[in-house]
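**Q** Numbering of the sequence shown is given in this note's numbering, commencing with residue 573 and proceeding in unit increments.
Cβ atoms here follow ideal geometry from the backbone N, Cα and C, with glycine treated the same way.
Here the structure is a predicted model, which is why all the values come from computation and not from measurement.
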Amino acid sequence: MPYIREIIEDGHPTLRKVAKKVEPREILDPLFQQLIDDMFETMYDAPGVGLAAPQVGISKRLFVMDIQDEDHPPAVMINPKIELAEEEVEMTEGCLSVPGKVGEITRFRRFGLSGLDRNGEKIRIEGEDLLAQCLQHELDHLNGVLYIDKARNIRPAATDEEREIAQAASAEAS
Ligand code: ZN
573 MPYIREIIED GHPTLRKVAK KVEPREILDP LFQQLIDDMF ETMYDAPGVG LAAPQVGISK
633 RLFVMDIQDE DHPPAVMINP KIELAEEEVE MTEGCLSVPG KVGEITRFRR FGLSGLDRNG
693 EKIRIEGEDL LAQCLQHELD HLNGVLYIDK ARNIRPAATD EEREIAQAAS AEAS
């Protein structure tokens with residue numbers, strides 16, 4: 573049974589580490605599969621649209637995401653590599669590890685990653701807007717980077733829209 577893990581917050585050293593590559597043979601290990609299930613459970617509970625392993629204290633290169641869009645089903649990305657990065661735009665962003673805050677950040681509007689899925693098969697995920705933003709945000713987590721390192725005008729979420737972005741770690745192009 574999947575269980576909800578604790579989401580660590582800014583100030584915890586694990587969020588600042590460059591996460592380790594996952595060994596392909598590790599992926600089918602029941603403990604690793606449990607980690608993936610737990611990460612989904614934790615993300616949906618938060619709720620959020622993406623969650624990286626370092627956010628639950630595991631310094632490994634994987635994240636889960638579900639942007640609640642029927643064109644983009646829930647996905648697991650392991651050992652991601654950048655395949656596409658186009659058109660810089662300003663976006664409003666939040667993070668489950670920096671609760672209650674939002675800021676403005678420059679992201680690529682179209683972005684793509686390749687890597688492995690939870691069966692160890694090669695996958696590629698690419699898209700635009702929220703999907704692109706989520707991929708960039710989660711990739712940053714694997715490199716020890718938080719959005720607040722790059723964002724401007726970081727502030728307590730004040731409007732309903734900002735609170736939604738801060739809580740759901742979702743976002744909207746501005
Ligand atoms: Zn985050």
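1) Count the CB pairs spanning the stretch 670–679 and the stretch 623–638 that are closer than 8 Å, and state whether there are at least three.
2) Do you know whose CA, among D643, F604, A729 and V628, lies nearest M615's CA?
3) Candidates K592, P619 and G583: which alpha carbon is nearest N715's?
4) Just to check, is the beta-carbon of S631 closer than 7 Å to a non-hydrogen atom of the ligand ZN?
5) Could you tell me the distance, in whole angstroms, from the CA atom of C706 to the CA atom of E595?
6) Count the other CB atoms, across all protein chains shown, that sit within 10 Å of the CB of K590; report buried if there are 16 or more and exposed otherwise.
7) Could you give the DSSP three-state label for T614: helix, strand or coil?
8) Less than 7 Å separating the Cβ of C667 from some heavy atom of the ligand ZN?
9) Comparing C-alpha positions only, which one of D701, D610, D641 and C667 sits nearest to E658?
10) Can you find the residues in the same chain that come closer than 8 Å, C-beta to C-beta, to D610, ignoring five residues on each side of it along the sequence?
11) Since I believe E655 is in contact with R690 (beta carbons under 8 Å), could you give me their beta-carbon distance rounded to a whole number of angstroms?
**A** Put simply:
1) no
2) Along the sequence shown, read from residue 1 onward, the residue named residue 615 stands at position 43. M615 has its Cα closest to that of V628, out of D643, F604, A729 and V628.
3) In the sequence shown, counting from the first residue as 1, residue 715 sits at position 143. The residue with the shortest Cα to Cα distance from N715 is K592.
4) For the purposes of this step, residue 631 is taken as the residue at position 59 of the sequence shown. Incorrect: S631 has no Cβ contact closer than 7 Å to the ligand ZN.
5) As a first step, residue 706 must be located in the sequence shown, where it is residue number 134. As a first step, residue 595 must be located in the sequence shown, where it is residue number 23. C706 and E595: Cα-Cα distance of roughly 24 Å.
6) What you label residue 590 is simply residue 18 of the sequence shown in a count that begins at 1. The amino acid at residue 590 is misidentified as Lys; the sequence shows Val. Looking at its Cβ environment, which holds fewer than 16 other Cβ atoms inside 10 Å, V590 is exposed.
7) Numbered from its first residue, the sequence shown carries residue 614 at position 42. The answer is helix: DSSP assigns T614 an H, G or I state.
8) As a working note, residue 667 is residue 95 in the sequence shown. Within the cutoff, so yes.
9) Locating residue 658 in the sequence shown gives position 86, counting from the first residue. Of the candidates D701, D610, D641 and C667, the one whose C-alpha sits nearest the C-alpha of E658 is D701.
10) Translated into positions along the sequence shown, residue 610 becomes position 38. Around D610: P574, Y575, I576, R577 and V628.
11) The count along the sequence shown starts at 1 and reaches residue 690 at position 118. The count along the sequence shown starts at 1 and reaches residue 655 at position 83. Actually they do not touch by this definition, with Cβ atoms about 19 Å apart.
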